[in-house]
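Residues in the sequence shown are numbered from 431 upward in steps of one, following my numbering.
Where is the CB? At the ideal position from N, CA and C, for every residue including glycine.
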Amino acid sequence: MRRKIVAGNWKMNLDYITGVGLFSEIVNMVNDEVIGDQEIIVCPPYVHLSAISQLAKSHRNVSVGAQNCHQADSGAFTGEVSASMLQSIGVEYVIIGHSERRQYFAESDSLLAEKVNSVLKNQLNPIFCIGETLDERNQNSHFEVIKRQLSDGLFHLEEGEFERVILAYEPVWAIGTGLTATPEQAQEIHEFIREEVENKYGSDIAQNISILYGGSCNPKNAAELFAKPDIDGGLIGGASLKSRDFVDIIKSFGK
Ligand code: PGA
Numbered sequence: 431m432r433r434k435i436v437a438g439n440w441k442m443n444l445d446y447i448t449g450v451g452l453f454s455e456i457v458n459m460v461n462d463e464v465i466g467d468q469e470i471i472v473c474p475p476y477v478h479l480s481a482i483s484q485l486a487k488s489h490r491n492v493s494v495g496a497q498n499c500h501q502a503d504s505g506a507f508t509g510e511v512s513a514s515m516l517q518s519i520g521v522e523y524v525i526i527g528h529s530e531r532r533q534y535f536a537e538s539d540s541l542l543a544e545k546v547n548s549v550l551k552n553q554l555n556p557i558f559c560i561g562e563t564l565d566e567r568n569q570n571s572h573f574e575v576i577k578r579q580l581s582d583g584l585f586h587l588e589e590g591e592f593e594r595v596i597l598a599y600e601p602v603w604a605i606g607t608g609l610t611a612t613p614e615q616a617q618e619i620h621e622f623i624r625e626e627v628e629n630k631y632g633s634d635i636a637q638n639i640s641i642l643y644g645g646s647c648n649p650k651n652a653a654e655l656f657a658k659p660d661i662d663g664g665l666i667g668g669a670s671l672k673s674r675d676f677v678d679i680i681k682s683f684g685k
């Protein structure tokens, strides 16, 4: 069954005390206000993960994700954190391929494929991000870019592995800019992504996979985006740092 998901990507924001406080606020508001079967994933910085994973244990529909991991399980990689370490503290998801990782840390499609493998091997689930830059959209190459990101980063997976992936379409020009893709622009790409998945893995898997939209999603535009047939939720940056906004986005399904 296709799952409805809202994931919050805190990026490199909030000190430890503030982060744990925000998480507690979110889960309390979710308990009081959210009815429905949507799943919530919160992705704080590494240093918050251990404490927040402990807190998340008592909340049925709230899980914790990391924002990155190294592709190896262990070794001489100073400053890095592996998927097996994340798994050992109760983390369930890892964002892989965020455009900020691709852009600022030069993460290539082939490196991302290795990271996905490591995440899956360690019983975690990847939230795999794809999306075109403004230049690529202006040159009308957005479909081609997305096709390449899917095939080079993910389409080496076996069916049973691919089923564990959550996809996130995040047009780079919409991230943190206040420019949201219109619901129609987003739906067009989500439909294209689902078709590509269908061509590779067949219609059952394509129908069941969740494809999230990310890029300046907020409480005002979420309901219209989530109402589109191929948009199954959101990956939220800025608005996930405010409990009221994040929970209002979680409540936007079916509005
Ligand atoms: P934004 O970020 O919601 O602040 O645009 C989304 C993301 O980068 O995941």
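Asked, Found
"Range covered by the beta strand (DSSP E) that runs through S493", "V492 to A496"
"Unbroken beta strand (DSSP E) run spanning P556, endpoints", "N555 to I560"
"E591 and I639 closer than 9 Å at C-beta", "no"
"Contacts around D578, its chain only, beta-carbon distance under 8 Å, and the 5 residues preceding and following it disregarded", "The sequence shown places Arg at residue 578, rather than the Asp named in the question. D539, listed in sequence order."
"Interface flag, Y446 vs chain C, CB-CB below 9 Å", "Included in the structure is just one protein chain, with no chain C present."
"Opposing strand residues paired with L597 [DSSP bridges]", "F558 and I641"
"Simplified DSSP assignment, three categories, for E469", "strand"
"Beta-carbon contacts of I623 that lie in its chain and below 8 Å, excluding the five residues immediately before and after", "I560, I576, L580, L597, Y599, I641 and D660"
"Three or more C-beta pairs below 8 Å linking the region 471-484 and the region 439-454", "yes"
"Among R433, I435, A653 and W440, nearest to G668 - alpha-carbon criterion", "W440"
"Of the residues L444, G438 and A506, the one placed nearest V457, counting alpha carbons only", "G438"
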